[in-house]
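The sequence shown begins at 178 in our numbering and counts up one residue at a time. No residue lacks a Cβ here, since even glycine has one placed at the ideal position from N, Cα and C. Here's the structure we're looking at; comments come further down.
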Amino acid sequence: MELPPPPSSAPSPTPPSSADAARTHDPHGPRSHALRVSLILGLVALPLGLWLFLESQGVGVPEMSRWWPTILLLIALGLAIDFFALSRRPRSAGLAVLYLGIGCVLYGFTLGRNSWQHTLDRLPAVPLVIGAALIAHWLADGRRGGAMIAAGAGFAVLGLAGLAARFPLLEDLLPRVQELWALALLLVGGVLLWKVVRHLRGGAP
Numbered sequence: 178m179e180l181p182p183p184p185s186s187a188p189s190p191t192p193p194s195s196a197d198a199a200r201t202h203d204p205h206g207p208r209s210h211a212l213r214v215s216l217i218l219g220l221v222a223l224p225l226g227l228w229l230f231l232e233s234q235g236v237g238v239p240e241m242s243r244w245w246p247t248i249l250l251l252i253a254l255g256l257a258i259d260f261f262a263l264s265r266r267p268r269s270a271g272l273a274v275l276y277l278g279i280g281c282v283l284y285g286f287t288l289g290r291n292s293w294q295h296t297l298d299r300l301p302a303v304p305l306v307i308g309a310a311l312i313a314h315w316l317a318d319g320r321r322g323g324a325m326i327a328a329g330a331g332f333a334v335l336g337l338a339g340l341a342a343r344f345p346l347l348e349d350l351l352p353r354v355q356e357l358w359a360l361a362l363l364l365v366g367g368v369l370l371w372k373v374v375r376h377l378r379g380g381a382p
């Protein structure tokens, strides 16, 4: 008569927690996209719904015509949470910086610090924000991709050069426009050549 085998002492595998599953799923898959959209819409809908309810009850709330760029900041917050807590997607980091920068620029107009008639005077802030977003994407992606950092540096220098001509204090702190372009070209050329040298040495592309 054969005896039954002894019970195994090996512990049963522990199923992954919901937090681990959120971090390990495909950041470009439909589930990740759905979570990202739900997160952003939730962050926007809750404060907006609260604002509408308080206004309907006669409670003094800030004017929407002055504070509507807050929606862009909430989108930036949702993208930042998506990057740090959910997908670790570099694009989310770059877009978070982009929405944050655009929201801050628009606040300057809606809060009365800048006039809409002088929009062109603040136009250089746009390439500066784009450059910051590209640099954030590059950093979040593990500093890979010479073209990304080169484009980010180029946009940032273009924005700083445009703003320096309109703000004397910034013009005093920054080098001349020609020197800024020289530094930008040196940086772009150095990054691109460094990428070629790494490829020739058999390093990462």
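In the DSSP assignment, find the unbroken alpha helix (DSSP H) run with residue i in it and report its ends.
i    : result
E232 : 207–233
G278 : 267–287
T247 : 247–258
A330 : 323–341
Helix, strand or coil: which one does DSSP assign to residue i?
i    : result
S242 : helix
G308 : helix
V368 : helix
V373 : helix
V236 : coil
R290 : coil
D318 : coil
R378 : coil
L297 : helix
Buried or exposed, going by whether 16 or more other CB atoms sit within 10 Å of the CB of residue i?
i    : result
A222 : exposed
F332 : buried
A302 : buried
P267 : buried
L250 : buried
Would you verify that the beta carbon of residue i is, or is not, closer than 8 Å to some beta carbon of chain B?
i    : result
A211 : This model lacks chain B altogether; it includes just one protein chain.
Would the beta-carbon of residue i be found less than 7 Å away from any heavy atom of the ligand ADP?
i    : result
L369 : Within the structure as shown, the ligand ADP is missing, as the structure has no ligands at all.
ask   = Per the contact definition of three or more C-beta pairs closer than 8 Å, is the stretch 273–281 in contact with the stretch 246–261?
value = Flag = yes, the stretch 246–261 and the stretch 273–281 touch.
query = Would you call the stretch 203–218 and the stretch 229–246 touching, i.e. three or more CB-CB distances under 8 Å?
reply = no
message = Three Cβ pairs or more, each shorter than 8 Å: is that satisfied between the stretch 312–323 and the stretch 267–274?
response = yes
task = Please determine if the stretch 300–314 and the stretch 324–341 are in contact, where contact requires at least 3 C-beta pairs separated by less than 8 Å.
result = yes
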